[in-house]
Amino acid sequence: SESDDSEYNPADDIPSSDESEPDSELDQDTRRSQPAIQTRNTASLRANLQDNLAAKVKMVLLYMDGVGLDLPILLDAISWGDPACTQDAKIRYERSALLNSAELPGILRRWWKPPRPRGSHRVRPKGAKAAMQDFAFHCSQEVLELELETAADIFKSPVGPDVTEAELTGTSFPKLIEAVKKVAPNLWRVLMELARSPTQQKRNPKKTPAMVSLESCFIISNSPPSLKTVIVIIALFEYTRSHHRGRLQKLFSIYFKFKGLSAKGFDTLHAIGLTMSGSWTNDSVSRISEAAMKDMRELMDKFPWLMSYDNVLIAFRIFSQRIDKKTLHGNGTAATVYIKRSATPMPPITNRLLQECRIEGLRNPLSAFDIMEIAEVSEPRRRSHIIFTVLNILLQAPEFDLESHPKHDHPLFQRPASVLELLCGLDHITLQFLLGTVDIPEAAYEDNSRLITEWLRQLKLDGKELQKKIGLERVMAWIGDQLTVDRLRNLFRFRAEDDNSFERLDWLVVPAGWLHISMAFANSIHKQHLGTSKGRGLSAAFDQLQRKGLQSSKTQGPFFHDLNETLHIIAEAQVRELWLVVGKVTNLADLR
1 SESDDSEYNP
11 ADDIPSSDES
21 EPDSELDQDT
31 RRSQPAIQTR
41 NTASLRANLQ
51 DNLAAKVKMV
61 LLYMDGVGLD
71 LPILLDAISW
81 GDPACTQDAK
91 IRYERSALLN
101 SAELPGILRR
111 WWKPPRPRGS
121 HRVRPKGAKA
131 AMQDFAFHCS
141 QEVLELELET
151 AADIFKSPVG
161 PDVTEAELTG
171 TSFPKLIEAV
181 KKVAPNLWRV
191 LMELARSPTQ
201 QKRNPKKTPA
211 MVSLESCFII
221 SNSPPSLKTV
231 IVIIALFEYT
241 RSHHRGRLQK
251 LFSIYFKFKG
261 LSAKGFDTLH
271 AIGLTMSGSW
281 TNDSVSRISE
291 AAMKDMRELM
301 DKFPWLMSYD
311 NVLIAFRIFS
321 QRIDKKTLHG
331 NGTAATVYIK
341 RSATPMPPIT
351 NRLLQECRIE
361 GLRNPLSAFD
371 IMEIAEVSEP
381 RRRSHIIFTV
391 LNILLQAPEF
401 DLESHPKHDH
411 PLFQRPASVL
421 ELLCGLDHIT
431 LQFLLGTVDI
441 PEAAYEDNSR
451 LITEWLRQLK
461 LDGKELQKKI
471 GLERVMAWIG
481 DQLTVDRLRN
491 LFRFRAEDDN
501 SFERLDWLVV
511 PAGWLHISMA
521 FANSIHKQHL
531 GTSKGRGLSA
541 AFDQLQRKGL
551 QSSKTQGPFF
561 HDLNETLHII
571 AEAQVRELWL
581 VVGKVTNLAD
591 LR
């Protein structure tokens, strides 16, 4: 009864002497470490049973009838249903024997689903199915709710302006999973089993929802697809219990925002608890942007930096179109600032030295002889790298198998020293900061002039004193594609007679648009050496390599990337063929 259960003290079941049985139902570690005496006794009795088990059971039941007991009363009394039975040593012993026995799981399973005789077509007995399912529901609910509350801290995020770079990038899905599995093992096990049917487990046992990461959810790859469902379900449960437990929801919101999810999409995902609201996301992105811009300006005062910008096309979608409200494509410009913390800051005199160098360049421009002389001076450095490039194509061939070569670590096989090697490591990582995208196209010179003013405004370099300092002491490198470079260089020429060095853009350095130059060079090679499918040109190589979309330079998509990759493959194949000719062998392995 409830009164008896409320008065029962579990400590009363703990034996007071070594002669009493260990109460393994309360001491789980002891039960797991070694079999209790009751368990060993039950095993011994079962081993000595004869074929007349039914007769013995019937005799016990008849005796119970004689003393006015039946099986329900007996089990209730043994199971803490009576204070005297709770304290009696013999009853305690038998209770522990039952609860610690290996037979108990089978007993409960048969109570829930009684077996039928083999070949029987009669309806299966109901047993205690209804009562046990009701009990299992309430028991599971209590256990899983407790584990959900225990795991709450894992999904909590700081209250307030909590969306920082450290908060977003500090989420490790493997660590998150291990933490949840540790504090909520039953919840994890239930959801894992529900995520896969028995048929799936048999068909693909390696497909286990035991590992996941954010990339497998939305960004990361190389993880089984089923566990993302498990971790997201737990995150949804936690978020529905408290909006303070929205660690993953906030992470997903920022991710979807920068993937271009519409406001309607945010409303839908927020309604099902997968993301935060659209307004929260917009406010958070604004906070992230403001914090990043503040950090960027502080770093710009300490370290060298450069900037790039290019045009962008943004689709503004309208879901309920009107005459004055239609879907359109905006043509704007986006910029990025790059900061190198390991670079040496340039002294203020660099500005004056740059102007003097430009004056000298105008008076004595580079001639063809000067370029040839520069090439001759650099020939020794370039020659060693060219030789290694040709040799490395052979060394990397699978047939050559450099790793198994007896002299694979010979100095001749090592890459020559770099001419000007870039440093690497955490202290040498180039930091990137996005400026605010502006509704100014990059079409005309006037647009680029407005962009210069806009970028300086966003960088907080638009005051008169700062402009004076820029014109006299600063040197800034702005990079872009060839169109951007041409526009800026022509602006530099147009302003050559302006009043001061800031207006004349004397402080601006515009490197060549190497990307477009490389693309133009690749297109030139494509045009000159394409040939036909039956000839010896690139077209025949494209067909042999089964590279689609490279027959015409007008192909939309990553044409330059595919062409560049294919040209390198063709060059490597030709060099390896030349190795066979020069070495007078038929297999590269013979050159070992």
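Following UniProt numbering, the numbering of the sequence shown begins with 1 at its first residue and continues without gaps.
Heads up, the beta-carbon is just placed ideally off N, CA and C, and yes, glycines get one too.
request  = Whole angstroms is fine: what's the gap from residue 503's alpha carbon to residue 447's?
outcome  = The residue labelled residue 503 in the question sits at position 503 within the sequence shown. The residue labelled residue 447 in the question sits at position 447 within the sequence shown. Each residue's Cα considered, the two are about 16 Å apart.
message = Checking the sheet assignment: what are the DSSP bridge partners for residue 433?
response = By one-based count along the sequence shown, residue 433 stands at place 433. According to DSSP, residue 433 bridges with 337.
task = Output yes or no for whether 9 Å exceeds the beta carbon distance between residue 541 and residue 517.
result = Along the sequence shown, read from residue 1 onward, the residue named residue 541 stands at position 541. Along the sequence shown, read from residue 1 onward, the residue named residue 517 stands at position 517. No; because the gap between Cβ atoms is not below 9 Å, this pair is not in contact.
task = Take the Cβ of residue 424 as the centre, count every other Cβ of all protein chains shown within 10 Å, and call the residue buried at 16 or more, exposed below.
result = Translated into the one-based positions of the sequence shown, residue 424 becomes position 424. The residue is exposed, with fewer than 16 neighbouring Cβ atoms inside 10 Å.
key: Straight-line Cα distance separating residue 333 from residue 255   = Within the sequence shown, the letter at position 255 stands for residue 255. Within the sequence shown, the letter at position 333 stands for residue 333. Approximately 22 Å, taken between the alpha carbons.
task = In angstroms with no decimal places, state the Cα-to-Cα distance between residue 364 and residue 557.
result = Counting from one through the sequence shown, the residue named residue 364 turns up at place 364. Counting from one through the sequence shown, the residue named residue 557 turns up at place 557. Whole-angstrom Cα-Cα distance: 43 Å.
inquiry  = Just verifying my parser: in three-state terms, what is the DSSP assignment at residue 33?
reply    = Against the sequence shown, residue 33 aligns to sequence position 33. Here the model assigns residue 33 a pLDDT of 48, short of 50, so the residue's position is not dependable, and the following value carries that caveat. Reduced to three states, the DSSP call for residue 33 is helix.
Of the listed residues 289, 389, 275 and 493, nearest to residue 416 (C-alpha basis) = Here residue 416 corresponds to residue number 416 of the sequence shown, with the count starting at 1. Cα-wise, what sits closest to residue 416 is 389.
ask   = If you draw a straight line from the alpha carbon of residue 405 to that of residue 568, how long is it in whole angstroms?
value = Position 405 of the sequence shown, counting from 1, holds the residue named residue 405. Position 568 of the sequence shown, counting from 1, holds the residue named residue 568. If you take the alpha carbons of residue 405 and residue 568, they lie about 26 Å apart.
key: For residue 262 and residue 315, the rounded distance between their alpha carbons   = Taking the first residue of the sequence shown as 1, we reach residue 315 at position 315. Taking the first residue of the sequence shown as 1, we reach residue 262 at position 262. Computed Cα separation, rounded: 11 Å.
query = Does the Cβ of residue 514 have 16 or more other Cβ atoms within 10 Å, making it buried, or fewer, making it exposed?
reply = Against the sequence shown, residue 514 aligns to sequence position 514. Answer is exposed; the Cβ neighbour count stays below 16.
query = Do residue 176 and residue 107 come within 9 Å of each other at the CB atom, strictly closer than that value?
reply = By one-based count along the sequence shown, residue 107 stands at place 107. By one-based count along the sequence shown, residue 176 stands at place 176. Their beta carbons are not under 9 Å apart, which means residue 107 does not touch residue 176 by this criterion.
ask   = Is the CB-CB distance between residue 412 and residue 300 below 9 Å?
value = Position 412 of the sequence shown, counted from the start, is the residue given in the question as residue 412. Position 300 of the sequence shown, counted from the start, is the residue given in the question as residue 300. Not a contact, by the Cβ cut-off of 9 Å.
inquiry  = Taking the beta carbon of residue 526 as the centre, do at least 16 other beta carbons fall within 10 Å, making it buried, or is it exposed?
reply    = Numbered from 1 along the sequence shown, position 526 holds the residue referred to as residue 526. Residue 526 is buried by the Cβ-count criterion.
query = Do residue 484 and residue 312 have their C-beta atoms within less than 9 Å of each other?
reply = Position 484 of the sequence shown, counted from the start, is the residue given in the question as residue 484. Position 312 of the sequence shown, counted from the start, is the residue given in the question as residue 312. Not a contact, by the Cβ cut-off of 9 Å.
message = Output needed for residue 434: all residues of its chain with C-beta closer than 6 Å, excluding positions within five of it in sequence on either side, in chain order.
response = By 1-based counting over the sequence shown, the position of residue 434 is 434. These residues qualify, in order along the chain: 336.
request  = Provide the residue span of the alpha helix (DSSP H) that contains residue 388, from first to last.
outcome  = Stepping through the sequence shown from its first residue, residue 388 is reached at position 388. It spans 368-395 - the alpha helix (DSSP H) in which residue 388 sits, taken as one unbroken run.
query = Under 9 Å, do residue 419 and residue 383 count as touching if we go by C-beta distance?
reply = Walking along the sequence shown from the start, residue 419 turns up at place 419. Walking along the sequence shown from the start, residue 383 turns up at place 383. Their beta carbons are not under 9 Å apart, which means residue 419 does not touch residue 383 by this criterion.
query = Under the three-state reduction of DSSP, which class applies to residue 120: helix, strand or coil?
reply = As a first step, residue 120 is located in the sequence shown; it is residue number 120 there, counting from the start. Coil, per DSSP.
request  = Please name the residue or residues paired with residue 308 in a DSSP beta bridge.
outcome  = Walking along the sequence shown from the start, residue 308 turns up at place 308. Looking at the DSSP assignment, residue 308 forms a beta bridge with 336 and 479.
Alpha helix (DSSP H) segment containing residue 346, residue limits = Position 346 of the sequence shown, counted from the first residue, corresponds to residue 346. Counting along the chain, residue 346 falls outside any alpha helix (DSSP H), and DSSP gives it neither H nor E.
ask   = What span of residues does the alpha helix (DSSP H) with residue 151 cover, start to end?
value = In the sequence shown, counting from the first residue as 1, residue 151 sits at position 151. Where residue 151 is concerned, there is no enclosing alpha helix (DSSP H), given that its DSSP letter is neither H nor E.
key: First and last residue of the uninterrupted alpha helix (DSSP H) at residue 259   = Translated into the one-based positions of the sequence shown, residue 259 becomes position 259. No alpha helix (DSSP H) contains residue 259, which DSSP labels as neither H nor E.
query = Can you tell which of 54, 76, 46 and 131 has the C-alpha that lies nearest to the C-alpha of residue 102?
reply = Position 102 of the sequence shown, counted from the start, is the residue given in the question as residue 102. Of the candidates 54, 76, 46 and 131, the one whose C-alpha sits nearest the C-alpha of residue 102 is 46.
message = At the level of alpha carbons, what is the spacing between residue 520 and residue 239?
response = Your numbering for residue 520 matches position 520 in the sequence shown. Your numbering for residue 239 matches position 239 in the sequence shown. Roughly 53 Å separates the two Cα atoms.
key: Same chain, Cβ closer than 8 Å to residue 368, five either side skipped, listed in chain order   = Translated into positions along the sequence shown, residue 368 becomes position 368. Nothing meets the Cβ criterion.
request  = Write down every uninterrupted run of the alpha helix (DSSP H) in the region 514-542 whose length is 4 residues or greater and which is fully enclosed by it, in chain order.
outcome  = 514-529
request  = Could you name the residues of the same chain whose beta carbon sits closer than 7 Å to that of residue 385, not counting the 5 residues immediately before and after it, in chain order?
outcome  = Here residue 385 refers to the residue found at position 385 when the sequence shown is read from its first residue. Taken in chain order, the residues that qualify are 416.
request  = Express the C-alpha separation of residue 449 and residue 370 in angstroms, rounding to a whole number.
outcome  = Numbered from its first residue, the sequence shown carries residue 370 at position 370. Numbered from its first residue, the sequence shown carries residue 449 at position 449. Their Cα atoms are separated by approximately 34 Å.
ask   = What's the gap between the Cα of residue 191 and the Cα of residue 252?
value = Translated into positions along the sequence shown, residue 191 becomes position 191. Translated into positions along the sequence shown, residue 252 becomes position 252. C-alpha separation (whole angstroms): 21 Å.
Distance CB(residue 147)-CB(residue 105) smaller than 9 Å = Translated into the one-based positions of the sequence shown, residue 147 becomes position 147. Translated into the one-based positions of the sequence shown, residue 105 becomes position 105. No.
query = So the alpha helix (DSSP H) residue 566 belongs to, where does it begin and stop?
reply = For this step, residue 566 is matched to residue 566 along the sequence shown. Element bounds for residue 566: 559-583.
message = Check for me: the alpha helix (DSSP H) holding residue 85 runs from which residue to which?
response = Taking the first residue of the sequence shown as position 1, residue 85 is located at position 85. Looking at the DSSP string, the run of the alpha helix (DSSP H) that includes residue 85 is 83-87.
request  = Entirely within the region 230-287 and at least 4 residues each: give me those alpha helix (DSSP H) ranges in chain order.
outcome  = 247-258 and 263-271
query = So, residue 53 versus residue 64, is the Cβ gap smaller than 9 Å?
reply = Within the sequence shown, the letter at position 53 stands for residue 53. Within the sequence shown, the letter at position 64 stands for residue 64. No, the Cβ-Cβ distance between residue 53 and residue 64 is not below 9 Å.
query = What are the boundary residues of the alpha helix (DSSP H) that includes residue 422?
reply = Here the question's residue 422 lines up with position 422 in the sequence shown. Premise fails: residue 422 is in no alpha helix (DSSP H) and is neither H nor E.
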